Amino acid sequence: MSEYFLLEDRAHFYRVPDALETELGALVEPLSVATHAVERAQPPGIPHAREGLGMSHSVVVQGAGPIGLLTVAAATTVGAGQVIAVDMIDERLAMAERFGATDTVDLSEHDGDEFIDAIAERTPSGDGPDVTVEAVGHPSAFEQALEIPHNGGTVVEVGHYFSAGEAAVDPSDVIHSQLDVYGSLAYPPGQFNTSISVLERTAGQFPYGDLLNHQVGLDGATDAFETQAAGESYRATIHPRE
Numbered sequence: 003m004s005e006y007f008l009l010e011d012r013a014h015f016y017r018v019p020d021a022l023e024t025e026l027g028a029l030v031e032p033l034s035v036a037t038h039a040v041e042r043a044q045p046p047g048i049p050h051a052r053e054g055l056g057m058s059h060s061v062v063v064q065g066a067g068p069i070g071l072l073t074v075a076a077a078t079t080v081g082a083g084q085v086i087a088v089d090m091i092d093e094r095l096a097m098a099e100r101f102g103a104t105d106t107v108d109l110s111e112h113d114g115d116e117f118i119d120a121i122a123e124r125t126p127s128g129d130g131p132d133v134t135v136e137a138v139g140h141p142s143a144f145e146q147a148l149e150i151p152h153n154g155g156t157v158v159e160v161g162h163y164f165s166a167g168e169a170a171v172d173p174s175d176v177i178h179s180q181l182d183v184y185g186s187l188a189y190p191p192g193q194f195n196t197s198i199s200v201l202e203r204t205a206g207q208f209p210y211g212d213l214l215n216h217q218v219g220l221d222g223a224t225d226a227f228e229t230q231a232a233g234e235s236y237r238a239t240i241h242p243r244e
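Okay, so the sequence shown: first residue is 3 according to this note's numbering, each after it adds one.
Quick look at the structure:
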């Protein structure tokens with residue numbers, strides 16, 4: 003195993019603060035996806051008119067996988083008053099509550115799109131959240147995301163990093179609902195600074211370490227990749243010296 007590695011001339015290098023557990027450095031990258039998605043919901047809205055993400059606003063996060071859970075934490079950190087996590091796996095919904103979700107909606111308890119009404123009923127105004135972040139990555143989830151916010155609300159699409167197929171969307175629905183729809187592609191390089199700061203400030207608030215739930219030595223690298231690809235772990239990590 004090499005003790006050194008080569009950085010290209012334009013590589014970005016970030017130091018994990020001494021106060022932060024080294025293992026949590028593995029979450030800087032996925033947290034950067036989440037914090038960037040949350041920041042995409044902020045400008046150029048008019049927070050006092052419930053446009054965009056402002057303090058005490060309501061946010062729905064579709065999907066409580068690694069990115070979804072970290073998005074819940076990020077939305078909570080920036081001051082969202084209500085964060086609703088949507089998933090169909092009990093374990094993930096319970097984890098979402100530990101990451102700051104004030105409410106959860108279990109898809110398995112609702113037929114079709116009935117869960118959208120269940121979400122609206124949970125929001126203070128009764129007409130849906132201010133922001134929806136789609137972190138599932140399935141075309142049907144994006145179709146539903148456009149129906150979840152109140153009129154004039156915001157949708158951030160972060161789940162479709164790779165194409166998973168086409169979504170059936172009527173553009174007139176976006177117009178009539180006056181939705182702001184933003185794509186959020188990974189993160190800019192500087193996002194790592196934001197995420198390191200968030201990790202350092204909230205390490206005692208959220209159970210980040212529980213996301214690293216599949217740890218292997220170097221000889222288990224193949225197993226780590228396969229486990230992650232199968233969705234059987236939140237974040238598989240490789241520890242070469244073990």
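Just so you know, even glycine gets a beta-carbon here, dropped at the ideal spot from N, CA and C.
Here the structure is a predicted model, which is why all the values come from computation and not from measurement.
DSSP places GLN193 in the uninterrupted alpha helix (DSSP H) bounded by 193-204. Annotated three-state conformation of GLN207 is coil, per DSSP.
GLY211 sits exposed, since fewer than 16 C-beta atoms from the chains shown fall within 10 Å of its C-beta. In the pairwise beta carbon analysis, the segment 20-33 is classified as not touching the segment 168-186: fewer than three pairs are separated by under 8 Å. In the DSSP annotation of this structure, the continuous segment of the beta strand (DSSP E) that includes THR106 starts and ends at 105-108.
Between ALA96 and SER186, the C-beta spacing is not below 7 Å. When the beta-carbon positions are compared, PHE101 and VAL62 stay at least 7 Å from each other. Looking at the DSSP output, ASP182 shares a beta bridge with THR156. Taking the C-beta atoms as reference points, SER60 is found no nearer than 7 Å to GLN44. One thing to note: ARG52 has its Cβ within 7 Å of the Cβ of ASP132. Collapsing the DSSP output to three states places ALA223 in a helix. ASP89: member of the beta strand (DSSP E) spanning 84-89, first to last residue. Taking 7 Å as the cut-off, the Cβ atoms of THR106 and VAL200 do not count as close. At the C-beta level, PRO126 and ARG237 stay beyond 7 Å of one another. Secondary structure of GLN217 (DSSP, three-state): strand. Taken through DSSP and simplified to helix, strand or coil, THR24 comes out as helix. Taking C-beta separations shorter than 6 Å and ignoring five residues to either side along the sequence, the partners of GLU136 in its chain run GLN64, ALA143, PHE144, ALA147, GLU159 and GLY161, following chain order.
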